[in-house]
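In this note's numbering, the protein residues as written are 1 to 405.
Don't be surprised by glycine CBs; every beta carbon is placed ideally from N, CA and C.
Worksheet: one structure, shown below.
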Ligand SMILES: *Cc1c(COP(=O)(O)O)cnc(C)c1O
C-alpha cells in the first residue's frame, strides 16, 4: 500500500487501497473469521493490555478484514480515519451518542431516515438532549437554530425520500461558529457523488447495507472523520457497547467497494435518464432528481454533488378531483407499484436490482399524514431506486405500469 502512486482516482483507490496480505500472499483479500488472536508470550499479552504495543487482541476491538474495509473506505472518502459498525443505524447512533451528554443541544434537519428520528425521539430526548429541528432547505432557519451554541448538527442530503438538498458549506460554517460537530449521513449521494468533508463537515456516516454492498446481501455501516474523533469517542463507544461489524460482512463490503464506482455511475446515469423522461410523462405530476433543472435546489445540488444519486422520487398525476393524501390516491399508487415487473417492492435502496417503495405506508408510516405533508410525502409519492438493468427495459416497464394507474 505504501508504494501506491499519489493522487489516485476513485476507481483505482477502490481496488488497490487497504490491502493487507497474509504470508500466503493471497490475491483476493483474506476473510479472518476469528474472535481472537494468539499472543507470542505472557509478556506480549501484558504489553497489549497496557496499550504499549498495537496488536490485534479481540475482534470486538479490531479484525484484519474489518481494517481492510475501513482503510479502503477512508481512502475513497479522503478521511483520516474510518470505523466500521454492525449497521448504518449503529453508525448514526454512535456518531452522535459518543459525543452528546445530558443537557447538550443537537440541531438536526426535520427530514431524516425513519430510524434516526425514532432514536432521537425515544432515546436522546429521554436522556435530556435538547433537539432543535430545522427545515433542511431553509437557510434562515439554520441561522436561527445555530445562533446559540450546539454540541452537534446532523443532516442527510439529499433527504429521504424527497431529495431535498441542504446547503452543506453554509451549514458547516454556522456549525463551526456554534462550536458543533457537523455530521452528514451521505447514503443517498454516495462517496462517488458528494464529499461532505471537503464541503466543511466534520464527519460522515454510511449505511454500507445500501450502495456499498449494492447486491442486498449484508448489513454494515461506517463513521469517517478525524483521528481525534474516530480514535477517541467513537472507538471507545463501539468497542465497549459492541456494535462491531462481523468480519464476514466486512469482507463482502470490502469486495463491494471494488465495483462501487462502476455500479454507482451506471445506476446514476440510468436514474438521470429515467427522471428526465418521467417528468415529461402525462401520468406524472413531478419527478425529483437532484441534477434535473426542475429540482427546487438544483443550483445548490450542482455546486456540491458530482453525481445525482441512484434514486428518483415521483408523484403520480391523478387530476384535481382526487385528494393526494386520501385512499383513492393510495390505491392508484399501489396499482402502479404492483404493475411494475422490474422494480421490486422493497425498502432497501442502492441495489443492483431496481426497487419501488411507497414511503407513506412503509418507511414513513410512523409519521402522521400532517407530518408527512410537511416534508411533501403523499399517498401519490413513490420512491424508485434505479438499478443496473438496461435503461430501455426499465423505461418500458414504467410506461406499462403508468397505464395501469
Ligand atoms: C438505510 C439507512 C440508514 C440505516 O442503515 P441500516 O444499515 O439499515 O442500519 C441510515 N440512513 C439512511 C439515509 C439510510 O438510507
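- For residue 88, the shortest C-beta to heavy atom distance toward ligand 1 is below 7 Å.
- By the C-beta density criterion, residue 247 is buried, having at least 16 other C-beta atoms within 10 angstroms.
- Residue 36 carries a strand assignment under DSSP once its states are collapsed to helix, strand and coil.
- The DSSP-derived three-state label of residue 69 is helix.
- Burial is judged here by how many other beta carbons sit within 10 angstroms of a residue's own beta carbon; residue 53 has fewer than 16 and is exposed.
- Positions of the alpha helix (DSSP H) runs, each at least 4 residues long and wholly inside the region 358-382, are given as 369-374 in order along the chain.
- The nearest non-hydrogen atom of ligand 1 is less than 7 Å from the C-beta of residue 185.
- With a threshold of 16 other beta carbon atoms within 10 Å, residue 193 meets it and is buried.
- Here residue 116 is buried: its Cβ has 16 or more other Cβ atoms, across all protein chains shown, within 10 Å.
- Among the bridge pairs identified by DSSP, residue 253 is matched with none.
- The residue from 328, 199, 38 and 333 with its alpha-carbon nearest to that of residue 58 is 38.
- In the three-state reduction of the DSSP assignment, residue 195 falls in the coil class.
- If the five residues before and after residue 340 are omitted, its C-beta is found closer than 8 Å to the C-beta atoms of 356, 397, 398 and 401, all from its own chain and listed in chain order.
- Rounded to whole angstroms, residue 386 and residue 231 show a C-alpha spacing of 36 Å.
- For residue 315, DSSP records a beta bridge to 286 and 381.
- Between ligand 1 and the CB of residue 291, the shortest heavy atom gap is not smaller than 7 Å.
- Following the DSSP letters along the chain, one finds residue 218 in no beta strand (DSSP E), marked with neither H nor E.
- For residue 117, no beta strand (DSSP E) encloses it; the enclosing alpha helix (DSSP H) starts and ends at 114-119.
- For residue 207, the uninterrupted beta strand (DSSP E) run begins and ends at 203-207, by DSSP.
- In the DSSP assignment, residue 331 falls within the unbroken alpha helix (DSSP H) covering 327-339.
- Residue 130: member of the beta strand (DSSP E) spanning 130-134, first to last residue.
- Residue pairing for residue 184: DSSP places it in a beta bridge opposite 155 and 204.
- With contacts defined by Cβ atoms closer than 8 Å, residue 201 and residue 222 do not form a contacting pair.
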